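Just below is one structure, and these are the notes that go with it.
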Amino acid sequence: MVETQDVILSDWVPGTRNYHIRASVMLAISVVYTLFVLVTSIMFVIKARNKRSGLSKRYVTIVIVQAFGCYLAGVNGLVTAALNNWACFGKLWLFNLGFLISLSAMSARAFHLMVTYKVHELSSMLSTRNPKGIDSLQGLSPKNEPSLRFGNSPLGPGNSTVAISESVSRLKQARQLEKYKRMLPYVREKMLMLYMAVFIFLGIILTLVINITDKQFGIRPVETICIFYWGFLPITAVVVVFFFLVFPVILWLIWRDTDAYGIRNDLIICDTVGIICMVITLIWVNALHETQQKWPGMSFVWVYAIFIHVTSVFIPLLHSIQHMRSSEDQDGVFTAENMADDGLPMTSNISRRAAFNRMLDDPLEYQHFRIFAASCFCSELTGFIEEYQSLKARTLVLLKTTEPSSAVEQPDDSFLRTSKEININRFRLSQCMVDNALAMYAEVNAAGTSLTGINISILQSVQDDKTDDKTVDMQFPASLIGRLHAVYREYVDPNSFASVNASASVVKRISERMHCNDYTLTLLDDLKGDVLFMLYSDVYSRYIRK
Numbered sequence: 384m385v386e387t388q389d390v391i392l393s394d395w396v397p398g399t400r401n402y403h404i405r406a407s408v409m410l411a412i413s414v415v416y417t418l419f420v421l422v423t424s425i426m427f428v429i430k431a432r433n434k435r436s437g438l439s440k441r442y443v444t445i446v447i448v449q450a451f452g453c454y455l456a457g458v459n460g461l462v463t464a465a466l467n468n469w470a471c472f473g474k475l476w477l478f479n480l481g482f483l484i485s486l487s488a489m490s491a492r493a494f495h496l497m498v499t500y501k502v503h504e505l506s507s508m509l510s511t512r513n514p515k516g517i518d519s520l521q522g523l524s525p526k527n528e529p530s531l532r533f534g535n536s537p538l539g540p541g542n543s544t545v546a547i548s549e550s551v552s553r554l555k556q557a558r559q560l561e562k563y564k565r566m567l568p569y570v571r572e573k574m575l576m577l578y579m580a581v582f583i584f585l586g587i588i589l590t591l592v593i594n595i596t597d598k599q600f601g602i603r604p605v606e607t608i609c610i611f612y613w614g615f616l617p618i619t620a621v622v623v624v625f626f627f628l629v630f631p632v633i634l635w636l637i638w639r640d641t642d643a644y645g646i647r648n649d650l651i652i653c654d655t656v657g658i659i660c661m662v663i664t665l666i667w668v669n670a671l672h673e674t675q676q677k678w679p680g681m682s683f684v685w686v687y688a689i690f691i692h693v694t695s696v697f698i699p700l701l702h703s704i705q706h707m708r709s710s711e712d713q714d715g716v717f718t719a720e721n722m723a724d725d726g727l728p729m730t731s732n733i734s735r736r737a738a739f740n741r742m743l744d745d746p747l748e749y750q751h752f753r754i755f756a757a758s759c760f761c762s763e764l765t766g767f768i769e770e771y772q773s774l775k776a777r778t779l780v781l782l783k784t785t786e787p788s789s790a791v792e793q794p795d796d797s798f799l800r801t802s803k804e805i806n807i808n809r810f811r812l813s814q815c816m817v818d819n820a821l822a823m824y825a826e827v828n829a830a831g832t833s834l835t836g837i838n839i840s841i842l843q844s845v846q847d848d849k850t851d852d853k854t855v856d857m858q859f860p861a862s863l864i865g866r867l868h869a870v871y872r873e874y875v876d877p878n879s880f881a882s883v884n885a886s887a888s889v890v891k892r893i894s895e896r897m898h899c900n901d902y903t904l905t906l907l908d909d910l911k912g913d914v915l916f917m918l919y920s921d922v923y924s925r926y927i928r929k
């Protein structure tokens, strides 16, 4: 990817008509390219401030830094293609920094995708209360099987084989989740920027050393004839290693990670286009000497740069604008499912909201949606729904118990963390552990057929079984207070990885009520409303277009 210099053809020397035409074309392309990169990058940053755009999932700062690196490499290719007397030290600096910045940024984004997707995927798998039962629903119609309504598990208390198998499988998933969670601090934006800064710093030091030790790359006197020499070789070697080793390995690791934002596809295109353009450039520069003088091969570096910018910035920007328009149309209809009377035609948005509600109550469709939510990096939203449904089931059971003091709280997810440390053959698990596994994976069985969908609140579910108006102020059973605090730490605390990013007012109200020991059945209803709104306006709007 470096330039050799042969005897210049007489009709392509500076001052000739051919030279001026080539320079004019390249100059026009450079101006358009600069405006395109500048405008799209600014719009990308502006749109990313809107959480619904989904652009923030891409780490905006890193994407913009990558775009800057591609721009440096692209401008270098354009100027080199336009001018024969382009300064060697300028070529060196733009070549080195352009590729180091863009390659380090793309690899940083790949590391982030690999870890973040795995965390959300495994969190989604572990949050569902009935993984095996959902698999058994394939081919069954909920209309024909009343027992398969949302939240009702086909697992029975005597099915110990299923419990053992599922407990072992989920313990493995829990270990994997903990492994990836430990990696999360290293793929935060600040750490990835530090990783990129190290690359750039080393590139600057290397380029300065070359400037000092090699006269053809010195600033004084300015050399315009650059031969294939060791000055270009180090970064060329880095480019080869990234395109032919690092990126293929990363892509192999994330090949099945189907994120909803197209980040994986973005990285696949970047690597593929990079390899093709690099091979063409090497052949063009080193084999096609006469053609190289008419149209320098470094122009293919610009082709690489523009492809990367289009796939990483421009296309995601267009998709985000389309998604935001769709989300804005849904803002006013989130609670409008009951606005239309029976027999009156519903608007398309109200109908879409009704379809969203039906999806939540359909076991099969909801599982597909839950998996898609993980690909949107929103597993915490469906995880909260699972917890809310679990709390509803437990509350109904405990409030129906004639002797509340004898009620025992069902085991929570801490079972995953403690049992994995027990070295015991899975086929010799005690009946107690089997019962615990069944209780955790199918604990909603205890609620019987009275368990309702997520759109029905805990209070409404209790009121269905009670005629006393005092249920409005009814508190959660004492045995569930610890679980409520666990839900707060996991999904409400802004410092938690799985925080649902609810509005500050909702978080404040929940915190104040829990601080005052106010555990009424409506404690989490506002948070549930925020979660359902985020699922509907962001995830579901993507889900129906996938």
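Sequential numbering from 384 applies to the sequence shown in the numbering used here.
Just so you know, even glycine gets a beta-carbon here, dropped at the ideal spot from N, CA and C.
All values reported here derive from a predicted model rather than from experimental measurement.
In this structure, DSSP gives T903 an extended state, which the three-state scheme calls strand. Straight-line spacing of the CA atoms in K501 and R925 works out to 20 Å.
By the criterion of at least three beta-carbon pairs nearer than 8 Å, the region 554-569 is not in contact with the region 483-491. For the region 556-623, the full-length alpha helix (DSSP H) segments reaching 4 residues or more read 572-596 along the chain. Non-local beta-carbon contacts of A450 in its own chain, meaning distances under 6 Å to residues more than five positions away in sequence, involve S424, H692, V696 in chain order.
Contact annotation, N479 with L589: C-beta distance approximately 7 Å; criterion of less than 8 Å satisfied. Under the DSSP definition of a beta bridge, Q858 partners with T903. Across the structure, S886 and F600 are spaced so that their CA atoms are roughly 56 Å apart. Segment contact: the region 868-876 against the region 891-899, three or more CB-CB distances shorter than 8 Å; contact assigned. Bounds of the alpha helix (DSSP H) holding I768 are 762-783. In this structure, F859 lies near L904, with their beta-carbon atoms less than 9 Å apart. In this structure, Y923 is the residue among F916, N669, Y923 with its C-alpha nearest to the C-alpha of S758. In this chain, the alpha helix (DSSP H) harbouring Y402 covers 400-431. Excluding five sequence positions before and after S413, the CB atoms of its chain that fall closer than 8 Å to its own CB belong to V458, L461, V462, A465, given in chain order. By the Cβ test, the region 568-577 is in contact with the region 490-507, since at least three Cβ pairs between them sit closer than 8 Å. Here the region 559-573 does not lie against the region 430-438, with fewer than 3 beta-carbon pairs under 8 Å apart.
Taking each of D913, L867, N900 in turn and checking the Cα distance to S888, the smallest one comes out for D913.
Its Cα nearest to that of I587, the residue I618 stands out among I618, I658, F916. Here the C-alpha atom of P631 lies approximately 14 Å from the C-alpha atom of D649. Buried is the label assigned to R753, since at least 16 other Cβ atoms lie within 10 Å of its Cβ.
By the neighbour-count criterion, in which a residue is buried when 16 or more other Cβ atoms sit within 10 angstroms of its Cβ, F880 is exposed. Collapsing the DSSP output to three states places R896 in a helix. Taking a 10 Å sphere around the C-beta of A491, we find 16 or more other C-beta atoms and assign the residue as buried. Contact between F427 and L700 holds, since their C-beta atoms are separated by about 5 Å, short of 8 Å.
Judged by DSSP secondary structure, I445 falls within the alpha helix (DSSP H) whose first and last residues are 443-465. One Cα belongs to L743, the other to G865, and the distance between them is close to 27 Å. When only Cα atoms are considered, V662 and S734 end up about 53 Å apart. C-alpha of E763 to C-alpha of T674: approximately 57 Å in a straight line. In terms of Cβ geometry, L863 and L774 form a close pair [threshold 9 Å]. Minimum Cα-Cα distance from Y749 among the listed residues L671, V780, I837, G614 corresponds to I837.
Of the residues assessed, C899 falls on the exposed side of the cut-off, its CB having fewer than 16 other CB atoms within 10 angstroms. Scanning its chain for C-beta atoms nearer than 7 Å, with the 5 sequence neighbours on each side dropped, one finds around L782 the residues V845, P860, in chain order. Between F767 and V883, the gap from beta carbon to beta carbon is short of 9 Å.
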